[in-house]
Every structure is written in C-alpha cells, then in structure tokens.
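Peer 1: Please read through the structure below; I'll follow up with questions.
Residue numbers (my numbering): 35 to 122.
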C-alpha cells in the first residue's frame with residue numbers, strides 16, 4: 035500500500051467510527067483523538083478496525099505511534115512492509 039492508500043484507509047475507518055468527523059481537516063501532525071474527538075473507546079475501536087482490515091497486530095505499547103495521521107501512516111507502512119517481506 036502507498037502512503038496515500040494507508041491514509042485513505044485510516045480516514046475511512048475513522049469515518050465509520052465517528053461519522054460526524056470532518057475528514058478533510060486531517061493533517062499529518064494533528065492528534066487524531068483531538069481533531070476527530072475520539073475518546074479512548076473510539077481509539078481502541080480504530081486499532082481493532084485497522085487490525086481487521088490489515089491483519090497487523092498492534093501492541094498496546096505502540097498505540098502512541100498511531101496518535102497522529104502521519105505517525106499512523108508510517109507505522110502501518112513499516113508493519114505492512116514487514117508483513118509482506120514475511121510472505122515472500
């Protein structure tokens with residue numbers, strides 16, 4: 035997946051969790067929890083949704099790496115490349 039595809043996936047999932055969210059307002063450096071008013075349960079649901087769609091297991095110790103759109107994109111890009119390398 036490209037970075038653009040990963041960002042689109044993250045925003046799609048946020049839209050499912052928080053339908054009232056203005057997805058166009060997301061910037062790489064913004065805290066997703068603040069911009070989209072995600073509480074801890076919403077954020078946990080986002081982590082589960084990411085896992086369901088990508089099969090990437092995200093340990094709780096790494097949750098802070100997914101707080102921003104840019105951080106989540108980088109984390110998922112790296113995890114997907116490792117996952118794909120394991121498939122080769």
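Beta carbons: idealized from backbone N, C-alpha and C, even for Gly. Since the structure is predicted, the reported quantities are computational estimates derived from the model, not experimental observations.
#1: Can you check DSSP and say which residues form a bridge with residue 102?
#2: Evaluate the contact criterion for the segment 63 to 74 versus the segment 88 to 95: three or more CB pairs, one atom per stretch, below 8 Å.
#3: Suppose the cutoff is 8 Å on Cβ atoms and the five residues either side in sequence are ignored; what does the same chain contact list for residue 74 look like?
#4: Between which two residues does the alpha helix (DSSP H) holding residue 94 run?
#5: Could you check where the alpha helix (DSSP H) with residue 75 kicks off and where it finishes?
#6: Alpha carbon to alpha carbon, how far is residue 119 from residue 64? Give it in angstroms, no decimals.
#7: If you draw a straight line from the alpha carbon of residue 35 to that of residue 107, how long is it in whole angstroms?
#8: Is residue 108 helix, strand or coil when you go by DSSP?
Peer 2: In short, the structure shows the following:
#1: Looking up residue 102 in the chain shown gives position 68. DSSP output for residue 102 lists 65 as bridge partner(s).
#2: no
#3: Working through the chain shown from its first residue, we reach residue 74 at position 40. Cβ within range, chain order: n/a, list empty.
#4: On the chain shown, residue 94 is found 60 positions in, with the first residue counted as 1. Run containing residue 94: none; DSSP gives neither H nor E here.
#5: As a first step, residue 75 is located in the chain shown; it is residue number 41 there, counting from the start. Here the alpha helix (DSSP H) through residue 75 covers 74 to 88.
#6: The residue you call residue 64 lines up with position 30 of the chain shown. The residue you call residue 119 lines up with position 85 of the chain shown. Spanning the two alpha carbons is a distance of roughly 30 Å.
#7: Indexing the chain shown from 1 puts residue 35 at position 1. Indexing the chain shown from 1 puts residue 107 at position 73. If you take the alpha carbons of residue 35 and residue 107, they lie about 10 Å apart.
#8: Residue mapping note: residue 108 aligns to position 74 of the chain shown, counting from 1. Here residue 108 sits in helix by DSSP.
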